Amino acid sequence: MSKHYKFFSMQDFAQDDYFIQWVQSPDSESDAFWNNWIKDHPHKKGIIAEARMVIASIDFSATEPSEEDFREVKSKIDQQIQSSDHADSYNNYRNWVRVAAVALVLVISAWLIMHNGSQSDLVRHSTAYGETEHIVLPDNSIVTLNANSTLSYLDNWEQSVKREVWLEGEAFFDVKKMPHLVTRDSVAFKRFLVHSGAVNVEVLGTSFNINNRKEAPKIVLRTGKIALEIPTEEDTSKTYMYPGDFVQYVAAEQRVITKKVDPEKYTSWTDYRLYFDDTSLKEVAEIIKDNYGKQVIFESDDLEDIKLTGTVSTQNLDVFIHVISESIDKQIIAKGNTLIVKN
Numbered sequence: 001m002s003k004h005y006k007f008f009s010m011q012d013f014a015q016d017d018y019f020i021q022w023v024q025s026p027d028s029e030s031d032a033f034w035n036n037w038i039k040d041h042p043h044k045k046g047i048i049a050e051a052r053m054v055i056a057s058i059d060f061s062a063t064e065p066s067e068e069d070f071r072e073v074k075s076k077i078d079q080q081i082q083s084s085d086h087a088d089s090y091n092n093y094r095n096w097v098r099v100a101a102v103a104l105v106l107v108i109s110a111w112l113i114m115h116n117g118s119q120s121d122l123v124r125h126s127t128a129y130g131e132t133e134h135i136v137l138p139d140n141s142i143v144t145l146n147a148n149s150t151l152s153y154l155d156n157w158e159q160s161v162k163r164e165v166w167l168e169g170e171a172f173f174d175v176k177k178m179p180h181l182v183t184r185d186s187v188a189f190k191r192f193l194v195h196s197g198a199v200n201v202e203v204l205g206t207s208f209n210i211n212n213r214k215e216a217p218k219i220v221l222r223t224g225k226i227a228l229e230i231p232t233e234e235d236t237s238k239t240y241m242y243p244g245d246f247v248q249y250v251a252a253e254q255r256v257i258t259k260k261v262d263p264e265k266y267t268s269w270t271d272y273r274l275y276f277d278d279t280s281l282k283e284v285a286e287i288i289k290d291n292y293g294k295q296v297i298f299e300s301d302d303l304e305d306i307k308l309t310g311t312v313s314t315q316n317l318d319v320f321i322h323v324i325s326e327s328i329d330k331q332i333i334a335k336g337n338t339l340i341v342k343n
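Position 215, counted from 1, in the sequence shown is what our numbering calls 215; the numbers after and before it change by one each time, with no gaps.
In structure tokens form, the structure reads like this:
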């Protein structure tokens, strides 16, 4: 194959014809190619697994878009191009970028129409730095989405046999049971699947936290029971979690870390608080970078090892930084998007 698959993202794989053919109708040739490729590129195993899940959730037999659909797409692109022709030279580049963006959105929309039957089925929630969002899903399950995070799902749960969401970043889930098949003697419930990097979380009704950053998703279970699908060298393994369990999968090392924790320490952010328990300043700096987009610089390496214990409000970043500064008895200076911890 001449394609540079090593540069592909999850979205690229999910739209590649040869990859789709392998996922849906594998043969000896495609099996040999992709198994060897994954063996040679183990760091891509996570996004390969995620792309396979995306393809498996799409109905490729849906009706092709009509000529009228494509004419409408082309008409909208043409209108944008014509409107940009009247812009002055100073704005030409910015207008071209806008036109390209509009065209990209329309092409994606056409792809969604082709493969999902309806563009409106795709729902996407994203938060900015320092922002959280409470989301009510179609089954009345509640998701609290942390800062700098994205939650996506297809809004077709009534017709589907399972409920699926994709998470980038961090979120707390309070999942409700959704009946699927009711008989005189029993009730079968629809599965709820969270795709979080290389890890898949399967639940029925429970509450848990997922932090999916830096290709090392962390899952903490507060109530109920969940099953994790974690990629291995051969295929995937299933691990069951119970209240108080912590599991982290480090994709780059294909390593699983497990321990018992107090779930409240990992879910306190949903109440705009962070709980520190002998937490290093280096770890706090990572939280600040992930949730607020601020880079923390230490004047000396030994500052990273300072430990913090206690609860800090996160509703105001300036107050948060002031409390940290007072707690460690060190000056923290803000310069743009950078925080400098002084000796």
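For glycine and all other residues, C-beta sits at the position ideal for the given N, C-alpha and C.
All values derive from a computational prediction rather than experimental measurement.
Non-local C-beta neighbours of T144 in its own chain, meaning closer than 6 Å and more than five positions away in sequence, comprise H134, F172 and T270, ordered along the chain.
Within its own chain, the residues whose Cβ lies closer than 7 Å to the Cβ of D277, once the five positions on either side in sequence are excluded, are K265 and T309, listed in chain order. Checking the DSSP bridge columns, you'll see D174 partnered with I142 and S207.
CA-to-CA, the gap between R273 and Q295 works out to about 20 Å. When DSSP reads this structure, E299 sits in no beta bridge, so it has no partner.
For T267, the enclosing alpha helix (DSSP H) covers residues P263 to T267.
Ranked by Cα distance from D290, the options K214, F13 and V194 are led by K214. Sorting G130, N156, V161 and N209 by C-alpha distance to the C-alpha of I142 places N209 at the top. When C-alpha distances from Q159 are compared across D139, L151 and Q11, the shortest belongs to D139.
Looking at the DSSP output, M241 sits in a beta bridge with I226. Where F7 is concerned, there is no enclosing beta strand (DSSP E), because DSSP gives it neither an H nor an E. Partner residues in the beta bridge of Q248, as assigned by DSSP, are K218 and I257. A contact is defined here as three or more CB-CB pairs under 8 Å, and the region 223 to 231 meets this definition with respect to the region 195 to 206. Annotation for D174: I142 and S207 place their beta carbon closer than 6 Å to its own, counting only its chain and skipping 5 residues before and after. Taking T314 as the centre and dropping the five residues before and after it, the same chain places the C-beta of W269, Y272, R273, L274 and F320 closer than 7 Å to its C-beta, in chain order. The three-state reading of DSSP puts S28 in helix, counting H, G and I together. Note on geometry: alpha-carbon atoms of L281 and V54 lie some 38 Å from one another. T232 is the residue among T232, N156 and T279 whose C-alpha sits nearest the C-alpha of K45. T311 carries a strand assignment under DSSP once its states are collapsed to helix, strand and coil.
Rounded to whole angstroms, the gap between the alpha carbons of A32 and D245 is 38 Å.
By alpha-carbon distance to Q11, the top candidate from V199, A49, D27 and H41 is A49.
Out of L167, L221, A198 and W157, the CA that lies nearest to the CA of R191 is found in W157. Residue nearest to F189 within the set I340, W34, R163 and V250 is R163 (criterion: CA-CA distance).
Under DSSP, the beta-bridge partners assigned to A334 are L339. Sixteen is the threshold: since fewer than 16 other Cβ atoms of the shown chains lie within 10 Å of the Cβ of G293, the residue is exposed. In this structure, V220 keeps its C-beta atom at 7 Å or more from the C-beta atom of V194. Scanning its chain for C-beta atoms nearer than 7 Å, with the 5 sequence neighbours on each side dropped, one finds around A252 the residues H43 and E215, in chain order.
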